Amino acid sequence: MEKPLTQNMNPNRKPFSLDEYEQAGGYEAMRLALTSMEPAEIRTLVEKAGLRGRGGAGFSTGRKWGFVPMGPDAPKPKYLTINADEMEPATFKDRVLMEGDPHQLIEGIIITAFTIQAETAYIFIRQCYTEASRRLTKAINETYAKGYLGKNILETGFNLELHLHESAGRYICGEETALLNALEGKRPNPRSKPPFPPVVGLWGKPTITNNVETACNIPHIVKNGAEWYRSLSRVGDGGTKIYGASGKVNTPGAFELPLGTTLREIIEHHAGGMKPGTKLKAILPGGASTGLLTPDHLDVKMDFDSVQAAGSRMGTGTLVAIDEKTCIVGLVLNLVRFFARESCGWCTPCREGLPWVVKLLSAIEHGDGRPEDLEQLKHQIRFIAPGRTFCPLGPGAMDPLKSALHYFEEDFKRHIQEKKCPWT
Amino acid sequence: MLSHEEIEEIQDALSHCEKKRAAGLDALKIVQRHRGWVSDESLKDVAEILDMSPSELDSVATFYSLIFRRPVGRHVILLCDSVSCWVMGYESVYDTLKRKLGIVFGETTKDGRFTLLPHPCLGACDRAPAMMVDNELYGPLDEGLIDQILNSCE
Ligand SMILES: Cc1cc2nc3c(=O)[nH]c(=O)nc-3n(C[C@H](O)[C@H](O)[C@H](O)COP(=O)(O)O)c2cc1C
Ligand code: SF4
Ligand code: FES
Numbered sequence: 387m388e389k390p391l392t393q394n395m396n397p398n399r400k401p402f403s404l405d406e407y408e409q410a411g412g413y414e415a416m417r418l419a420l421t422s423m424e425p426a427e428i429r430t431l432v433e434k435a436g437l438r439g440r441g442g443a444g445f446s447t448g449r450k451w452g453f454v455p456m457g458p459d460a461p462k463p464k465y466l467t468i469n470a471d472e473m474e475p476a477t478f479k480d481r482v483l484m485e486g487d488p489h490q491l492i493e494g495i496i497i498t499a500f501t502i503q504a505e506t507a508y509i510f511i512r513q514c515y516t517e518a519s520r521r522l523t524k525a526i527n528e529t530y531a532k533g534y535l536g537k538n539i540l541e542t543g544f545n546l547e548l549h550l551h552e553s554a555g556r557y558i559c560g561e562e563t564a565l566l567n568a569l570e571g572k573r574p575n576p577r578s579k580p581p582f583p584p585v586v587g588l589w590g591k592p593t594i595t596n597n598v599e600t601a602c603n604i605p606h607i608v609k610n611g612a613e614w615y616r617s618l619s620r621v622g623d624g625g626t627k628i629y630g631a632s633g634k635v636n637t638p639g640a641f642e643l644p645l646g647t648t649l650r651e652i653i654e655h656h657a658g659g660m661k662p663g664t665k666l667k668a669i670l671p672g673g674a675s676t677g678l679l680t681p682d683h684l685d686v687k688m689d690f691d692s693v694q695a696a697g698s699r700m701g702t703g704t705l706v707a708i709d710e711k712t713c714i715v716g717l718v719l720n721l722v723r724f725f726a727r728e729s730c731g732w733c734t735p736c737r738e739g740l741p742w743v744v745k746l747l748s749a750i751e752h753g754d755g756r757p758e759d760l761e762q763l764k765h766q767i768r769f770i771a772p773g774r775t776f777c778p779l780g781p782g783a784m785d786p787l788k789s790a791l792h793y794f795e796e797d798f799k800r801h802i803q804e805k806k807c808p809w810t
Numbered sequence: 008m009l010s011h012e013e014i015e016e017i018q019d020a021l022s023h024c025e026k027k028r029a030a031g032l033d034a035l036k037i038v039q040r041h042r043g044w045v046s047d048e049s050l051k052d053v054a055e056i057l058d059m060s061p062s063e064l065d066s067v068a069t070f071y072s073l074i075f076r077r078p079v080g081r082h083v084i085l086l087c088d089s090v091s092c093w094v095m096g097y098e099s100v101y102d103t104l105k106r107k108l109g110i111v112f113g114e115t116t117k118d119g120r121f122t123l124l125p126h127p128c129l130g131a132c133d134r135a136p137a138m139m140v141d142n143e144l145y146g147p148l149d150e151g152l153i154d155q156i157l158n159s160c161e
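From first to last, the protein sequence lines stand for chains E and P.
First residue of the first sequence? That's 387 in the numbering used here, and the numbers climb one at a time after it.
First residue of the second sequence? That's 8 in the numbering used here, and the numbers climb one at a time after it.
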């Protein structure tokens, strides 16, 4: 089984230096792209490869790049921002990629910037990723020293400046327009869309934001082609995926596997199965804003379309295994409390609705719930809905609650009837 | 008054930015690195360098949970309170810290040694329950490890 994204990684030693990375075939794709390919050709190749954005939404990367104005009349300068905020609870895949092989990300950035003809790129990284920041800083310095960043890269006339921007907490900064406001030094609320960033982005100029994992895939597609990339996957979309598993499994961690690997294989095989004495009750498939699944879904393939067909979202692809001794109401309370705290406060449904949901869930969890609270929760789910907010944070917070009420309504009712949490 | 060193570092940050205000967060972090937190006075000084009004800069500063607008202890503990850690026993870690430090979230110990804050997922869910102290990540936590970490902080 090929594992292009993690092939250079070894947890027992430091990541590859630039020289070691080159000896392992690194920066060949950059050379190929910059010296013998047209930007349009690379974009088409990535679209044909079937790469869908790994930040959670799963939009076709090649198609997204296609929204950027190109040619001599295109607005200048253009920007590339790499989203390394990774504050979605339960997600740790981008940390693994940045700590494990920083030059892979940098190579992906150079090729992506060349494809959209951006001359400035930012890596937007969360403050808590101190080790990843240290390693990236070292790798960026090596890359400048080698002449792969800066002016006239490989004598092609292409220039690229790459900056590492370290944030300071706040999940909303990972939303792409909030991220752009943050880089401009503004209070990082999201922006109202349209216009969309590929046309009007950072400082009003065309800007592409890609996730770390998305960018890491680019060198491999350029080097090995679209057909090869599609052959890595078990489903219609291309590539491998960095899956993760945490919660009540024996060997939590991150695993690079073919896209479309089933939940069962991830949990039972790669994550070593459930811990002794625990039994799987629910799965949070891809971060805090994805709906819960149940053991009946174990044979669902983890790819964007299959998980959606099962009623949830693959999101970031890093799952949490929840056992029967864990209280589902408490779990959902934990998730919604996170979103309530991280709401930027711009839209009323999100700012006012989420704290209300927290109050209701907290009352139920602590034995003070009333039967009519369940109706009120369902009302809030309809109220904090897509289309009523400027960004998906508020509505996303409702997905785990909605699924919990769908699969585990009995658990909520027991809390209310027994006037306590039956799980403590 | 900002120190000579702080001003020099802020000027350096400015040189990498398209517009002055874009260096705002970097400048606040520089001050915080030197002083532990950002006082009203420091905020005003930074705003002046950036050609911003203090309230404008404060609207940025207060947005970020890791820019401290109040004094903090010598060591800041960020305890993950997100879902994987919650499933894996965050509550008992919090109880242990409360008992050992005698403070709850948002407080600083009387000797000024520790400030305890909740923080979203530290991206260490495979090592849950997890926390960060200053710039180092620890997990999975148990009482023994917590003792060891606390004892290693001056
Ligand atoms: C509240 C919120 C937080 C987000 N956080 C992240 C993040 O930390 N990392 C990320 O890549 N995408 C995040 N996203 C998605 C981004 O807005 C954007 O879709 C993504 O970075 C695009 O990259 P991709 O097309 O390569 O997936 C977040 C979205 C929302 C609404
Ligand atoms: S949905 Fe919430 S986080 Fe998103 S813009 Fe509105 S208030 Fe801010
Ligand atoms: S949930 Fe605690 S580190 Fe991810």
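Ideal placement from N, C-alpha and C gives every residue a C-beta, glycine not left out.
Please read all numbers here as calculations on a predicted model, not as lab measurements.
Where the alpha helix (DSSP H) containing residue i begins and where it ends
{"i": "E485 of chain E", "result": "K479 to G486"}
{"i": "M784 of chain E", "result": "L779 to E804"}
{"i": "D691 of chain E", "result": "F690 to A695"}
{"i": "A34 of chain P", "result": "G31 to R42"}
CA-to-CA distance, residue j to residue i, given in whole angstroms
{"i": "V79 of chain P", "j": "A135 of chain P", "result": "25 angstroms"}
{"i": "R440 of chain E", "j": "D88 of chain P", "result": "25 angstroms"}
{"i": "R399 of chain E", "j": "D487 of chain E", "result": "11 angstroms"}
{"i": "A525 of chain E", "j": "F75 of chain P", "result": "30 angstroms"}
{"i": "F725 of chain E", "j": "M473 of chain E", "result": "11 angstroms"}
{"i": "Y629 of chain E", "j": "E642 of chain E", "result": "6 angstroms"}
{"i": "N610 of chain E", "j": "V67 of chain P", "result": "44 angstroms"}
{"i": "E15 of chain P", "j": "L21 of chain P", "result": "10 angstroms"}
{"i": "V94 of chain P", "j": "A29 of chain P", "result": "39 angstroms"}
{"i": "E406 of chain E", "j": "I539 of chain E", "result": "20 angstroms"}
{"i": "C807 of chain E", "j": "L760 of chain E", "result": "16 angstroms"}
{"i": "G536 of chain E", "j": "T529 of chain E", "result": "9 angstroms"}
{"i": "D623 of chain E", "j": "L649 of chain E", "result": "17 angstroms"}
Within chain P, the residues that residue i reaches when beta carbons sit closer than 9 angstroms
{"i": "A476 of chain E", "result": "S89, V90, S91, C128 and C132"}
{"i": "H656 of chain E", "result": "Going along chain P, no residue has its Cβ under 9 angstroms from H656 of chain E, so there is no contact; the nearest lies around 12 angstroms."}
{"i": "G639 of chain E", "result": "D133"}
{"i": "G630 of chain E", "result": "C132 and D133"}
Neighbour flag for residue i against chain E, beta carbons, 9 angstroms
{"i": "N142 of chain P", "result": "yes"}
{"i": "R112 of chain P", "result": "Looking at the sequence itself, residue 112 of chain P is Phe, so the reference to Arg does not match. So, not an interface residue."}
{"i": "Y71 of chain P", "result": "yes"}
{"i": "L35 of chain P", "result": "yes"}
{"i": "L57 of chain P", "result": "yes"}
{"i": "L104 of chain P", "result": "no"}
{"i": "L85 of chain P", "result": "yes"}
Residue i CB to nearest heavy atom of ligand 4 below 8 angstroms
{"i": "F478 of chain E", "result": "Within the structure as shown, ligand 4 is missing, the only ligands being ligand 1, ligand 2 and ligand 3."}
Min CB distance residue i to chain P below 9 angstroms
{"i": "S578 of chain E", "result": "no"}
{"i": "S403 of chain E", "result": "no"}
{"i": "F544 of chain E", "result": "no"}
{"i": "K464 of chain E", "result": "no"}
{"i": "A674 of chain E", "result": "yes"}
{"i": "K634 of chain E", "result": "yes"}
{"i": "W589 of chain E", "result": "yes"}
Where residue i meets chain P, residues with beta-carbon distance less than 8 angstroms
{"i": "M784 of chain E", "result": "Residues of chain P passing the Cβ test: none, with the nearest at roughly 16 angstroms."}
{"i": "V706 of chain E", "result": "V90, S91, V94 and C132"}
{"i": "E728 of chain E", "result": "P127"}
{"i": "L717 of chain E", "result": "V90, W93 and V94"}
{"i": "N720 of chain E", "result": "D88, S89, V90 and W93"}
{"i": "R556 of chain E", "result": "F70, Y71 and S72"}
Beta-carbon neighbours of residue i, restricted to chain P and to distances below 7 angstroms
{"i": "M473 of chain E", "result": "P127 and C128"}
{"i": "V515 of chain E", "result": "In the sequence as presented, Val is not what sits at residue 515 of chain E; that position holds Tyr. Ordered by position in chain P, the residues that pass the 7 angstroms Cβ test against Y515 of chain E are G130."}
{"i": "H549 of chain E", "result": "H23"}
{"i": "R481 of chain E", "result": "G130"}
Partners in chain E for residue i, counting only beta-carbon separations shorter than 7 angstroms
{"i": "A29 of chain P", "result": "L569, E570 and G571"}
Neighbour list for residue i in chain E, Cβ cutoff strictly below 9 angstroms
{"i": "K51 of chain P", "result": "The premise fails here: K51 of chain P is roughly 17 angstroms from chain E at the closest Cβ pair, so nothing lies under 9 angstroms."}
{"i": "V67 of chain P", "result": "A568, G571, K572, R573 and P574"}
{"i": "M139 of chain P", "result": "C514 and T516"}
Continuous beta strand (DSSP E) stretch holding residue i: start and end
{"i": "L144 of chain P", "result": "E143 to Y145"}
{"i": "L152 of chain P", "result": "Here L152 of chain P belongs to no beta strand (DSSP E); instead the alpha helix (DSSP H) covers E150 to N158."}
{"i": "L85 of chain P", "result": "H82 to C87"}
{"i": "M632 of chain E", "result": "For clarity, residue 632 of chain E is Ser in the given sequence; the question names Met instead. Looking at the DSSP string, the run of the beta strand (DSSP E) that includes S632 of chain E is T626 to G633."}
Segments of 3+ residues assigned as beta strand (DSSP E) that fall wholly inside the region 499-567 of chain E: 506-511, 536-539 and 544-552
For the region 574-614 of chain E, which segments carrying the beta strand (DSSP E) assignment without a break, of at least 3 residues, lie completely within its bounds, in sequence order? 593-597
Entirely within the region 392-467 of chain E and at least 4 residues each: give me those alpha helix (DSSP H) ranges in chain order. 404-409, 414-422, 425-435 and 447-451
Which ranges does the beta strand (DSSP E) cover as unbroken runs of at least 3 residues, wholly within the region 704-790 of chain E, from first to last along the chain? Segments of the beta strand (DSSP E) lying fully in the region 704-790 of chain E: 704-709.
Whole alpha helix (DSSP H) runs in the region 41-74 of chain P with 4 or more residues, listed along the chain? 47-56 and 61-68
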